[in-house]
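Participant:
There are 2 protein chains.
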Amino acid sequence: MPLSSGSSVAPAGAPGRPRPPAMSDVAARAGVSHQTVSRVLNDHPSVRPETRDRVLAAIAELGYRRNTAARALVTRRSGMIGVMTTGSPYFGPASTLIAVEEAAREYGYFVSVATLAVFDHESVSRAVEHFLSQAVEGVIVIAPHAEVRDALAPYVGEVPLVTIAAGFAEGLGVHTMSVDQELGARLATRHLLDLGHRTVTHLAGPQDWLDARARVEGWRAELSEAGAPPGELIQGDWNADCGYEVGQELARRGAPTAVFAANDQLALGLLRAFHEDGVAVPAEVSVVGFDDIMGSAHFIPPLTTVRQDFTALGRRCLEMLRSAMASEELDHTPVVPTLVIRASSGPAPG
Amino acid sequence: MPLSSGSSVAPAGAPGRPRPPAMSDVAARAGVSHQTVSRVLNDHPSVRPETRDRVLAAIAELGYRRNTAARALVTRRSGMIGVMTTGSPYFGPASTLIAVEEAAREYGYFVSVATLAVFDHESVSRAVEHFLSQAVEGVIVIAPHAEVRDALAPYVGEVPLVTIAAGFAEGLGVHTMSVDQELGARLATRHLLDLGHRTVTHLAGPQDWLDARARVEGWRAELSEAGAPPGELIQGDWNADCGYEVGQELARRGAPTAVFAANDQLALGLLRAFHEDGVAVPAEVSVVGFDDIMGSAHFIPPLTTVRQDFTALGRRCLEMLRSAMASEELDHTPVVPTLVIRASSGPAPG
DNA sequence: AGGCCCAATGTTAGCGCTAACATTGGCACC
DNA sequence: GGTGCCAATGTTAGCGCTAACATTGGGCCT
Numbered sequence: 000m001p002l003s004s005g006s007s008v009a010p011a012g013a014p015g016r017p018r019p020p021a022m023s024d025v026a027a028r029a030g031v032s033h034q035t036v037s038r039v040l041n042d043h044p045s046v047r048p049e050t051r052d053r054v055l056a057a058i059a060e061l062g063y064r065r066n067t068a069a070r071a072l073v074t075r076r077s078g079m080i081g082v083m084t085t086g087s088p089y090f091g092p093a094s095t096l097i098a099v100e101e102a103a104r105e106y107g108y109f110v111s112v113a114t115l116a117v118f119d120h121e122s123v124s125r126a127v128e129h130f131l132s133q134a135v136e137g138v139i140v141i142a143p144h145a146e147v148r149d150a151l152a153p154y155v156g157e158v159p160l161v162t163i164a165a166g167f168a169e170g171l172g173v174h175t176m177s178v179d180q181e182l183g184a185r186l187a188t189r190h191l192l193d194l195g196h197r198t199v200t201h202l203a204g205p206q207d208w209l210d211a212r213a214r215v216e217g218w219r220a221e222l223s224e225a226g227a228p229p230g231e232l233i234q235g236d237w238n239a240d241c242g243y244e245v246g247q248e249l250a251r252r253g254a255p256t257a258v259f260a261a262n263d264q265l266a267l268g269l270l271r272a273f274h275e276d277g278v279a280v281p282a283e284v285s286v287v288g289f290d291d292i293m294g295s296a297h298f299i300p301p302l303t304t305v306r307q308d309f310t311a312l313g314r315r316c317l318e319m320l321r322s323a324m325a326s327e328e329l330d331h332t333p334v335v336p337t338l339v340i341r342a343s344s345g346p347a348p349g
Numbered sequence: 000m001p002l003s004s005g006s007s008v009a010p011a012g013a014p015g016r017p018r019p020p021a022m023s024d025v026a027a028r029a030g031v032s033h034q035t036v037s038r039v040l041n042d043h044p045s046v047r048p049e050t051r052d053r054v055l056a057a058i059a060e061l062g063y064r065r066n067t068a069a070r071a072l073v074t075r076r077s078g079m080i081g082v083m084t085t086g087s088p089y090f091g092p093a094s095t096l097i098a099v100e101e102a103a104r105e106y107g108y109f110v111s112v113a114t115l116a117v118f119d120h121e122s123v124s125r126a127v128e129h130f131l132s133q134a135v136e137g138v139i140v141i142a143p144h145a146e147v148r149d150a151l152a153p154y155v156g157e158v159p160l161v162t163i164a165a166g167f168a169e170g171l172g173v174h175t176m177s178v179d180q181e182l183g184a185r186l187a188t189r190h191l192l193d194l195g196h197r198t199v200t201h202l203a204g205p206q207d208w209l210d211a212r213a214r215v216e217g218w219r220a221e222l223s224e225a226g227a228p229p230g231e232l233i234q235g236d237w238n239a240d241c242g243y244e245v246g247q248e249l250a251r252r253g254a255p256t257a258v259f260a261a262n263d264q265l266a267l268g269l270l271r272a273f274h275e276d277g278v279a280v281p282a283e284v285s286v287v288g289f290d291d292i293m294g295s296a297h298f299i300p301p302l303t304t305v306r307q308d309f310t311a312l313g314r315r316c317l318e319m320l321r322s323a324m325a326s327e328e329l330d331h332t333p334v335v336p337t338l339v340i341r342a343s344s345g346p347a348p349g
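Residue numbers (numbering that gives the first Met the number 0), protein chains in the order written: chain A, 0 to 349; chain B, 0 to 349.
(1) Under 8 Å Cβ-Cβ, which residues of chain A neighbour Glu100(B)?
(2) Apart from the five residues on each side of it in sequence, which residues of its chain come closer than 6 Å, Cβ to Cβ, to Glu231(B)?
(3) Would Pro346(B) and Gly204(B) qualify as a contact pair, given that the criterion is a beta-carbon distance under 8 Å?
(4) Residues of chain A with CB closer than 7 Å to the CB of Ala57(B), please, in chain order.
(5) Short check: CB of Gln180(A) to CB of Gly217(A), under 8 Å?
(6) Is there at least one Cβ from chain B nearer than 8 Å to Arg321(A)'s Cβ?
(7) Can you name the residues that DSSP bridges to Met176(A)?
(8) From Ala213(B), Val161(B) and Asp207(B), pick the residue whose C-alpha is nearest to that of Leu186(B); which is it?
(9) Expressed to the nearest angstrom, what Euclidean distance is found between the alpha-carbon atoms of Thr239(B) and Arg314(B)?
(10) Work out the CA separation of Arg197(B) and Ala227(B) for me, nearest whole Å.
(11) Would you kindly check if the distance between the Cβ of Val284(B) and the Cβ of Val258(B) is under 8 Å?
(12) Taking Cβ to Cβ, would you say Tyr89(B) is nearer than 8 Å to Val127(B)?
(13) Check the DSSP bridge columns for Arg306(A) and list the partner residues they point to.
(14) At which residues does the beta strand (DSSP E) containing Val140(A) begin and terminate?
(15) Using C-beta distances below 6 Å, list every residue in its chain close to Ala57(A), excluding the 5 sequence neighbours before and after it, in chain order.
(16) In chain A, what lies closer than 7 Å to Ile340(B) by C-beta?
(17) Return the residues of the segment 139-152 of chain A that lie within a Cβ-Cβ distance of less than 8 Å from chain B, sorted by chain order.
(18) Is DSSP giving Phe298(B) helix, strand or coil here?
(19) Which chain A residues are close to Tyr243(B), counting only those with a beta carbon under 8 Å from its beta carbon?
(20) Quick one, which residues of the segment 245-269 of chain B are near chain A if we go by CB-CB under 7 Å, in chain order?
(21) In chain B, what lies closer than 8 Å to Ala69(A) by C-beta?
(22) When the Cβ atoms of the segment 130-148 of chain A are set against those of the segment 318-335 of chain A, are three or more pairs found closer than 8 Å?
(23) Is the beta carbon of Gly288(A) less than 8 Å from the beta carbon of Asp308(A)?
(24) To the nearest angstrom, report how far apart Val39(A) and Ser132(A) are at their CA atoms.
(25) What separation, rounded to the nearest whole angstrom, lies between the Cα atoms of Ile80(A) and Ala98(A)?
(26) In chain A, which residues lie with their C-beta within 7 Å of the C-beta of Ile97(B)?
(27) Can you name the residues of chain B whose CB is closer than 7 Å to the CB of Phe109(A)?
(28) Tell me which same chain residues have a C-beta within less than 6 Å of the C-beta of Glu157(B), skipping the five on either side of it?
(29) For Ser223(A), which three-state DSSP category applies?
(30) Report yes or no: is there a C-beta of chain A within less than 8 Å of the C-beta of His274(B)?
(31) Give a yes or no on whether the minimum CB-CB distance between Ala409(B) and chain A is below 8 Å.
(32) Given Asp236(A), which residues of its chain have a CB within under 6 Å of its CB, disregarding the five upstream and five downstream residues?
(33) What is the DSSP secondary structure of Thr114(A), counted as helix, strand or coil?
(34) Under the rule that 16 or more other beta-carbon atoms within 10 Å means buried, what is Tyr106(A), buried or exposed?
(35) Compare the Cα-Cα distances from Val173(B) to each of Val161(B), Gly183(B), Leu182(B) and Ala165(B) and report the closest residue.
(36) Using a cut-off of 8 Å between C-beta atoms, extract the partners of His33(B) located in chain A.
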């Protein structure tokens, strides 16, 4: 509980610090009315340049800063957007958050964050309520997870909402933006097929993550359209540990010639397992990852992977939210990923 | 004068959305005064349980949410803290931010973020001003950089401020918290010495980062106290690319037997270079990193590294900020890092 | 019974700002 | 030279809430 019934004495606030200057103080100093100060601050056209200068001078002298709370109270606009993100320091969400914040600040918004330790309905609700109690003007959700997306449905209409989610979500009325995961998976798969591999095994991410699902779709679709036999699908999570275990298993039973891992961490685990078990990459097995995280260019061997432009993603999310807040038409076109070819993929053996 | 009837035209605000219920609406519904509603909301002791229930029911029925702006205006407390962090998705800052947010939310604070694309004075000032214009009650800075720390000095006294910074900062009056970087470097160095290495080469991080400096200090101190000859100091940045280049250079000219890299990314680059140039790790060269990032357990070979508990760091920062806001005694004791021994370090050759 | 205290509630006065309306005074126009 | 207009400014009325003070009505003492 933040508030105890402790014996509060002073009108609360920062203890010791005196009341900061208000608009009326500036007005008095500049010899104008507080409304004129307000006009200067809000770039109202009809203020004489001379008056404006006098006001600005007074502001500077007093170190005046406009009181956001008072302003928000009367305008009914908080100037704040909420960004909900995963409670794990994954590369993608972290990068996207940074991009969103940068864009938001450019447009003059404040960004409030809430992290999601778990992805159940209740946590999502709590986070949204947290934002609503702050009167955010819009919410961006960086947690491409099925349950999260579903838990957001009740809040559509309550507050403009943009969520990162591959495909699927339209029916729920939630605005979605994403990197084209399916395309990314297709790029990876096609690359391997082009190298002469008969088919491609996919080490998938957790299927409650929408991105993971979409990657499976893309992989499957590309194989099928290429007329390649269906590849093996192995379920994984997002971690290198899992990649390592799967890699050991694959090495033991005779590895496929091409594996598309759902992210770079999984790929890292695979590479290590193959290395330890003497399976040559890419001579015997080609490995392709997804994300292009920091360092993947220095895996052994350097990892071929699908790069997601998280910066673009973040900006697009914010632009989408702005459109949603203005009730404008929304552009849902996903961000296009690119394939980064390095040394972990090569021609099929034999 | 009676309260205005709801007949006034809605001034601006969210277009279309009607005015949300106010406390007086709840009061009317529950047949009490708005002040009683306020009392219920603030857990004031003298409210009859029956009355409280009636009020709570009215709140639920109307979907009432207290207006933060109005509350902040009168209490002079925004309930918000600002967190400034790096504009790069580094593992440490991202993890720390998450921990801070979690702790802050537990204590009932809102968290506003601002990222720092560059570390110059002006950007830092802009970010602090951004926070001040939001009337945050405190600021946490996750950017252990010398220039950032210095740029904060003018704001000491203006707003409670806690920054992550290894050593040094006390004189400036900025409250600092950190993982004990020097200790971490000592742990790494000692570990290598214990393995029989005569001395240890250090691939340092950029020296404008305080952590990087502190790691140099620790490394140097530990060597000196152990009576080992001074090791070579190589300047680097934080990236694997740099580690790779340095690794190639070291391999070319005959590598030392032990290298302590200032972070895991650098270590990753070293490992790759050594691998490619046929320098066996750890048989010929031992490598130790710093951070224990995701995946370092699956480098080839798995990386011995210094783990920083960023979650603890984040919590401690928040607790420290709370103390600072309450003008209490501050506990600056740093968080203790731990050495994680894996396969990249081994006995000195020969 | 009279008085007193205190728990439970109501009333009033702003917090600092913006929106809406009111008031100036200068100047173009006929 | 009056009329009207408009640019520049002032005045007023809240926004929704909390703090401080005011008002009730029992229960309980003497």
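Backbone N, C-alpha and C fix where the C-beta goes; we use that ideal spot for every residue, glycine too.
Facilitator: The short version:
(1) Close partners of Glu100(B) in chain A (Cβ separation under 8 Å): Val112, Ala113 and Thr114.
(2) The answer, listed in chain order, is Thr200.
(3) In this structure, Gly204(B) does not lie closer than 8 Å to Pro346(B) by Cβ.
(4) Taking a Cβ-Cβ cut-off of 7 Å, Ala57(B) has no neighbours in chain A, whose nearest Cβ is about 18 Å from it.
(5) Yes, Cβ-Cβ distance for Gln180(A) and Gly217(A) is below 8 Å.
(6) It does not; no Cβ of chain B falls within 8 Å.
(7) Partner(s): Ile163(A).
(8) Ranking Ala213(B), Val161(B) and Asp207(B) by Cα distance to Leu186(B) puts Ala213(B) first.
(9) Note that residue 239(B) corresponds to Ala in the displayed sequence, not to Thr. Each residue's CA atom was taken as its position, placing Ala239(B) and Arg314(B) some 29 Å apart.
(10) If you take the alpha carbons of Ala227(B) and Arg197(B), they lie about 6 Å apart.
(11) At a Cβ-Cβ threshold of 8 Å, Val258(B) and Val284(B) count as neighbours.
(12) Their beta carbons are not under 8 Å apart, which means Tyr89(B) does not touch Val127(B) by this criterion.
(13) Residue pairing by DSSP places Arg306(A) opposite Asp290(A) and Thr337(A) in a beta bridge.
(14) First-last of the beta strand (DSSP E) with Val140(A): Gly137 to Ile141.
(15) So the list reads Val25, Arg28 and Ala29, once near-sequence residues are dropped.
(16) Correct list: empty, because the minimum Cβ distance to chain A is about 17 Å.
(17) Contact residues of the segment 139-152 of chain A toward chain B are absent (C-beta to C-beta distance below 8 Å).
(18) Coil at Phe298(B), not helix or strand.
(19) By Cβ distance, chain A contributes His297.
(20) Within the segment 245-269 of chain B, the qualifying residues are Gln264, Leu267 and Gly268.
(21) In chain order: Ala68 and Leu72.
(22) Under the three-pair Cβ rule at 8 Å, the segment 130-148 of chain A counts as touching the segment 318-335 of chain A.
(23) No Cβ-Cβ contact shorter than 8 Å links Gly288(A) with Asp308(A).
(24) The alpha-carbon atoms of Val39(A) and Ser132(A) are separated by roughly 31 Å.
(25) So the two alpha carbons sit approximately 14 Å from each other.
(26) Those within 7 Å of Ile97(B) in chain A are Gly86, Pro88 and Thr114.
(27) Residues of chain B passing the Cβ test: Ser111 and Gln133.
(28) So no residue of the chain qualifies.
(29) Helix.
(30) Using a Cβ-Cβ cut-off of 8 Å, His274(B) counts as an interface residue toward chain A, since at least one Cβ of chain A sits closer than that to its own.
(31) Since the first residue of chain B shown is 0 and the last is 349, residue 409(B) is not available in this structure.
(32) So the qualifying residues of the chain are Pro205.
(33) Strand, per DSSP.
(34) Burial call: exposed.
(35) By alpha-carbon distance to Val173(B), the top candidate from Val161(B), Gly183(B), Leu182(B) and Ala165(B) is Val161(B).
(36) Result: empty, since nearest Cβ-Cβ is about 16 Å, beyond 8 Å.
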